[in-house]
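Below is one structure, written out as structure tokens; the observations come after it.
There are 2 protein chains.
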Amino acid sequence: MNQIAKTPEPPYYAVVFTSVRTATDQGYADMAEKMMALASNQPGFLGVESVRQDGGLGITVSYWKDTESIRKWKNHAAHQQAQQLGRHKWYSSYRIRVAKIVREYGN
Amino acid sequence: MNQIAKTPEPPYYAVVFTSVRTATDQGYADMAEKMMALASNQPGFLGVESVRQDGGLGITVSYWKDTESIRKWKNHAAHQQAQQLGRHKWYSSYRIRVAKIVREYGN
């Protein structure tokens, strides 16, 4: 997890999920791990990068083949349940941005 | 810095900068702060979100009005110098992805 994702030649898609946590830890780590594993097994999943600062901002970027894969993952039953808990229990604020990756480079 | 960026209605653009640091701290924190301040003053800059895990992955997402603003910031003289130091001194690996944000939602 804690590394740079190996993604294919663009174009492909990304979901940038930025969030601030509440003080409620109950069930969070388990669910985060479970959702990460589940996402990785969805059709069209290309990779994920995730970092959270203790008590601060978290950024998770997941990469997908197309917007249809993203839509299906968003609507996945177990993920829907996790999203609801996230909104009500674990995140004081969050933002989700869906993006088309058009260019990529690095070392 | 350590909060969710207030961005306008899509479409707009993002640069997702993912990196792993070397053990070399010399000058890094100062330069990171300087570049963040400089970026914030560039035309077309819309916001930034940045998180680094101690000794691990860092993700910085900067938001921009258009690809021309991104191109100009990439080519900014002081930023070019910082990029060169980054490649040779501070980052063992990094990836830069340029993206068009097409949809956004949150609480």
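Protein sequence lines correspond, in order, to chains F and R.
Residue numbers for the first sequence follow the numbering used here, beginning at 15 and rising by one.
Residue numbers for the second sequence follow the numbering used here, beginning at 15 and rising by one.
Here a beta-carbon is modelled for each residue, glycine too, at the ideal position from N, C-alpha and C.
Given the structure is predicted, the values throughout are model-derived calculations rather than measurements.
- Of the other Cβ atoms in all chains shown, fewer than 16 fall within 10 Å of the Cβ of R/R101; this residue is therefore exposed.
- In terms of beta-carbon proximity, F/A28 lines the interface with chain R, with at least one pair separated by less than 8 angstroms.
- Taking 7 angstroms as the upper bound on Cβ-Cβ separation, chain R lies near residues R101, S107, Y108, R109, I110, R111, V112, A113, K114, I115 of the region 83-115 of chain F.
- At least one CB of chain R lies nearer than 8 angstroms to the CB of F/T32.
- Interface residue (Cβ-Cβ distance to chain R less than 8 angstroms): F/Y42 is not classified as such.
- Around F/I115, the same chain offers T21, P24, P25, Y26, Y27, A28, Y77 as residues with beta carbons nearer than 8 angstroms, after the five sequence neighbours per side are excluded.
- In the structure shown, the three-state DSSP call for F/I18 is coil.
- Under the 8 angstroms criterion on CB atoms, F/V75 is classed as interfacial with respect to chain R.
- Under the Cβ distance rule, R/E47 does not count among the residues neighbouring chain F, no pair being separated by less than 8 angstroms.
- Take the alpha-carbon of F/M45 and the one of F/A96: they are about 7 angstroms apart.
- Using a Cβ-Cβ cut-off of 8 angstroms, R/L60 is close to nothing in chain F; its nearest Cβ partner there is about 11 angstroms away.
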